[in-house]
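Step one of this worksheet: look at the structure below.
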Ligand SMILES: Cc1ncc(COP(=O)(O)O)c(C=O)c1O
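Numbering (the working numbering), first residue to last: 180 to 575.
Written out as structure tokens, the structure is:
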């Protein structure tokens, strides 16, 4: 048979799903698994989502305009204005999840060999689109010891004449770090000084804890022409399966390319766009309920982890992830062992090995990412099992 795509064959498997086959086998053998590996919240989707689906009575399901359904563009514009970001609907494109927005912006900004600065550890699914486009992620390493915060000199040291953009995820997945106003300003200054675009993935925008103020790049007027915002309803409204995302830019040249890509894939799901109008109609009520619930869960996970000897993590500032160093050499081996060999009263835990979130070979081997997407009681129990598992693993 003829050779298949080299690009796709070289692509790494998703680090959050890497252990799924071990988990499935363990479940078949009757083990109960607390799954903390994937960012799929368990909270209820607002009723308005289903109300809008029920209200859909059109005789046909037509293609929507490729930019997005007019009602949804209006809802997104209203939402952005309500949070103090002045965008007009002509600057908004609806995409199939934030994921498609990531793919489209990398296609629009880069040629093969172009470099994108990105802070590692970073959301590993971006790698799919780095591979497809041939853009090269150039990682600026951030560290657990200082809460994965940024250093200007480290960023500037990685800029070359091939650098096209700085890619920011704020608040961060997998770090749970929310960049401060000063950090956001600093990145904007670096982008201006070196003539770079800024891609800001803000899908966790409202999920910041302890009364923190979130600073969007959208608040900075002087970088409007070089900024692209990625957004999504997935996390904000606990609606990952809706597959509705948003790409925003006020740069007409970028938008012209995004428009061509959107036309090429015709349209985003008609019904889901109607339903998403329902999500946005809930204003800040649902968003704040979801944030408060994750703050409670963050506290439970963080406090429970502090009780396990040899475990190190910073208190997350946002999103619903936590990076955690474990007293083991390789968390891949440990997590597989947890699924295959260990149980506490028939129960075990699954998390994501963190090496897949780093571009630099060798980093993250002793770290895991926990997505605290279960109810507090289940989280408490899951961390208890993790502690017992670590003790058993290290005394083998
Ligand atoms: C940082 C980040 N960006 C984008 C996405 C993808 O979002 P969507 O479901 O809208 O495709 C995720 C999903 O986990 C994410 O963590």
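Glycine included, each C-beta is placed from N, C-alpha and C at the ideal position.
Note that this is a predicted model, so its numbers are computed, not measured.
Residue range 249-261 is occupied by the alpha helix (DSSP H) that includes residue 252. With a cutoff of 8 Å on beta-carbon distance, residue 266 and residue 427 are scored as near each other. C-alpha of residue 209 to C-alpha of residue 317: approximately 43 Å in a straight line. Taking C-beta separations shorter than 8 Å and ignoring five residues to either side along the sequence, the partners of residue 440 in its chain run 283, 286, 287, following chain order. For residue 291, same chain residues with a beta-carbon under 8 Å away, outside a window of 5 residues either side, are 312, 313, 314 in chain order. Contact check for residue 346 against residue 408 fails: the beta carbons are separated by 8 Å or more.
CA-to-CA, the gap between residue 352 and residue 226 works out to about 27 Å. Counting C-beta pairs closer than 8 Å gives fewer than three between the region 529-537 and the region 378-398, which falls short of the contact rule. Residue environment: residue 182 is assigned as exposed (fewer than 16 neighbouring CB atoms within 10 Å of its CB, all protein chains considered). Between residue 495 and residue 573, the C-beta gap is not smaller than 8 Å, which leaves the two residues out of contact. Every residue with a CB closer than 6 Å to a heavy atom of ligand 1 is listed here in chain order: 218, 276, 277, 278, 302, 348, 352, 380, 382, 411, 413, 419, 424. Three or more Cβ pairs closer than 8 Å define a contact, and the region 322-342 falls short of that threshold against the region 514-525. Note that the C-beta distance between residue 417 and residue 222 is below 8 Å. Apart from sequence neighbours up to five positions away, the residues of its chain that approach residue 433 with a beta-carbon distance below 7 Å are 287, 407, ordered along the chain. When secondary structure is reduced to three states using DSSP, residue 529 falls in the strand class. Of the candidates 218, 204, 510, 204 places its Cα closest to the Cα of residue 212. By the 16-neighbour rule on beta-carbons within 10 angstroms, residue 242 is exposed. The Cβ neighbour count for residue 274, taken over all protein chains shown within 10 Å, is at least 16; the residue is labelled buried. Residue 537 has its alpha-carbon roughly 19 Å from the corresponding atom of residue 499. Its Cα nearest to that of residue 465, the residue 412 stands out among 514, 263, 412. In this structure residue 497 is in contact with residue 355, their Cβ atoms being roughly 6 Å apart against a cut-off of 8 Å. For residue 376, the enclosing beta strand (DSSP E) covers residues 376-380. Following the DSSP letters along the chain, one finds residue 410 inside the beta strand (DSSP E) bounded by residues 406-411.
Counting along the chain, residue 438 sits inside the alpha helix (DSSP H) bounded by residues 431-443. Rounded to whole angstroms, the Cβ separation of residue 300 and residue 502 is 7 Å, and the two are in contact under 8 Å. In this model, residue 398 and residue 259 are separated by some 11 Å (Cα to Cα).
In this structure, 402 is the residue among 393, 402, 362 with its C-alpha nearest to the C-alpha of residue 374. The residues 240, 243, in chain order, have a CB closer than 6 Å to that of residue 449 in the same chain once the five nearest residues on each side in sequence are set aside. Between residue 357 and residue 391, the CB-CB gap stays under 8 Å. For residue 298, there is no enclosing alpha helix (DSSP H); the enclosing beta strand (DSSP E) has its first and last residue at 294-299. Within its own chain, the residues whose Cβ lies closer than 8 Å to the Cβ of residue 492, once the five positions on either side in sequence are excluded, are 323, 481, 484, 501, 502, 503, 504, listed in chain order.
Selection 456, 545, 438, 511 evaluated against residue 271 yields 438 as nearest (Cα-Cα). Here residue 492 carries a coil assignment [DSSP, helix/strand/coil]. For residue 483, the three-state secondary structure derived from DSSP is helix.
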